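Trainee: My numbering applies: residue 2 is where the sequence shown begins, and numbers increase by one. In this text, a Cβ means the ideal position worked out from N, Cα and C, and glycines have one as well. Being a predicted model, the structure only gives us computed values, none of them experimental.
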Amino acid sequence: MRLLSLITLLVIGCDEQAAEPAVPGEYTASGPVIGQVNGQPVHQDMVDVLLERIPAAQKQQMEQMGQLDQIADQILLTEALYQSAIEEGLHQDPAIQTAIALAARNALADAVISKRVEAQLTDEKIQTWYTEHLVQFAQPQVKLSHIILQDKAKADELKVQLDGGADFAQLATENTIDPRTKATGGKLDNW
Numbered sequence: 002m003r004l005l006s007l008i009t010l011l012v013i014g015c016d017e018q019a020a021e022p023a024v025p026g027e028y029t030a031s032g033p034v035i036g037q038v039n040g041q042p043v044h045q046d047m048v049d050v051l052l053e054r055i056p057a058a059q060k061q062q063m064e065q066m067g068q069l070d071q072i073a074d075q076i077l078l079t080e081a082l083y084q085s086a087i088e089e090g091l092h093q094d095p096a097i098q099t100a101i102a103l104a105a106r107n108a109l110a111d112a113v114i115s116k117r118v119e120a121q122l123t124d125e126k127i128q129t130w131y132t133e134h135l136v137q138f139a140q141p142q143v144k145l146s147h148i149i150l151q152d153k154a155k156a157d158e159l160k161v162q163l164d165g166g167a168d169f170a171q172l173a174t175e176n177t178i179d180p181r182t183k184a185t186g187g188k189l190d191n192w
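#1: Are residue 24 and residue 101 touching if we call contact CB-CB under 7 Å?
#2: Given this structure, state the Cα-to-Cα distance separating residue 150 from residue 171, to the nearest angstrom.
#3: Please classify residue 159: is it buried, with 16 or more other beta-carbons within 10 angstroms of its beta-carbon, or exposed?
#4: Less than 7 Å between the beta carbons of residue 77 and residue 43, yes or no?
#5: Which value, in whole angstroms, describes the spacing of the CA atoms of residue 61 and residue 181?
#6: DSSP on residue 147, reduced to helix/strand/coil?
#7: Tell whether a beta-carbon distance below 7 Å holds between residue 127 and residue 73.
#8: Have a look at residue 187 and residue 65 and give me their C-alpha separation to the nearest angstrom.
#9: Can you give me the Cβ contacts of residue 33 inside the same chain, cut-off strictly under 8 Å, excluding the 5 residues immediately before and after it?
#10: From 106, 69 and 148, pick the residue whose C-alpha is nearest to that of residue 185; which is it?
#11: Look at the Cβ atom of residue 39, then the Cβ atom of residue 98, and state whether they are nearer than 7 Å.
#12: Could you tell me the distance, in whole angstroms, from the CA atom of residue 93 to the CA atom of residue 53?
#13: Measuring straight from C-alpha to C-alpha, what distance separates residue 56 and residue 123?
Written out as structure tokens, the structure is:
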């Protein structure tokens, strides 16, 4: 009986020993190896995850400017710094542990927001919202034309001609004293 109790205590004692705490930032990588840092492979999936977070327009611009290769370089540099931080035991500092925990919480909060927004957004809902708010996006434009004259008598004469159906642009070209709009039939741009 004593032997059984001793074995039980040993087994319980082994189970109660604190497991080695996980090192923050560790995960199972996959995909092709894009490089190595201190003999540790760095995989393409790290690049892919980062690229997924970049808006499509910005990603296209980066691709056109040949900057996508810089992302892999950035990941390799980050990996080197990460390994140095772990080697120096920075992840065991209580303030760093708090910062890591807050970063993880922020990542999870962002993920739930993205998931909920994505579930709510449909092409139909986007179109409906846009249609309902179209007035906010409208850019009303006014096409202005003028005829600048030196005296009222000439203005009255032209008014009579316009009321009679005369072509405004032709009258403006022939009569305006404004050199900027003479050739355009009195049209003002950028209004």
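Mentor: Taking the definition as stated:
#1: For the purposes of this step, residue 24 is taken as residue 23 along the sequence shown, with counting starting at 1. For the purposes of this step, residue 101 is taken as residue 100 along the sequence shown, with counting starting at 1. Taking 7 Å as the Cβ cut-off, residue 24 and residue 101 do not qualify as a contacting pair.
#2: Within the sequence shown, the letter at position 149 stands for residue 150. Within the sequence shown, the letter at position 170 stands for residue 171. Computed Cα separation, rounded: 14 Å.
#3: Position 158 of the sequence shown, counted from the first residue, corresponds to residue 159. Classification for residue 159: buried.
#4: Here the question's residue 77 lines up with position 76 in the sequence shown. Here the question's residue 43 lines up with position 42 in the sequence shown. Cβ distance < 7 Å, so residue 77 and residue 43 count as in contact.
#5: Working through the sequence shown from its first residue, we reach residue 61 at position 60. Working through the sequence shown from its first residue, we reach residue 181 at position 180. For residue 61 and residue 181, the gap between their C-alpha atoms comes out near 42 Å.
#6: Within the sequence shown, the letter at position 146 stands for residue 147. Residue 147: coil per DSSP, three-state reduction.
#7: As a first step, residue 127 is located in the sequence shown; it is residue number 126 there, counting from the start. As a first step, residue 73 is located in the sequence shown; it is residue number 72 there, counting from the start. No, the Cβ-Cβ distance between residue 127 and residue 73 is not below 7 Å.
#8: Along the sequence shown, read from residue 1 onward, the residue named residue 187 stands at position 186. Along the sequence shown, read from residue 1 onward, the residue named residue 65 stands at position 64. Taking the straight line from one Cα to the other gives about 43 Å.
#9: Residue 33 sits at position 32 when you count from the first residue of the sequence shown. The answer, listed in chain order, is 44 and 45.
#10: The residue you call residue 185 lines up with position 184 of the sequence shown. Ranking 106, 69 and 148 by Cα distance to residue 185 puts 148 first.
#11: Stepping through the sequence shown from its first residue, residue 39 is reached at position 38. Stepping through the sequence shown from its first residue, residue 98 is reached at position 97. Taking 7 Å as the cut-off, the beta carbon of residue 39 is found no closer than this to the beta carbon of residue 98.
#12: In the sequence shown, residue 93 corresponds to position 92, counting from 1. In the sequence shown, residue 53 corresponds to position 52, counting from 1. In a straight line, the C-alpha of residue 93 is about 30 Å away from that of residue 53.
#13: Along the sequence shown, one-based indexing puts residue 56 at 55. Along the sequence shown, one-based indexing puts residue 123 at 122. Looking at the two C-alpha atoms, the distance is approximately 18 Å.
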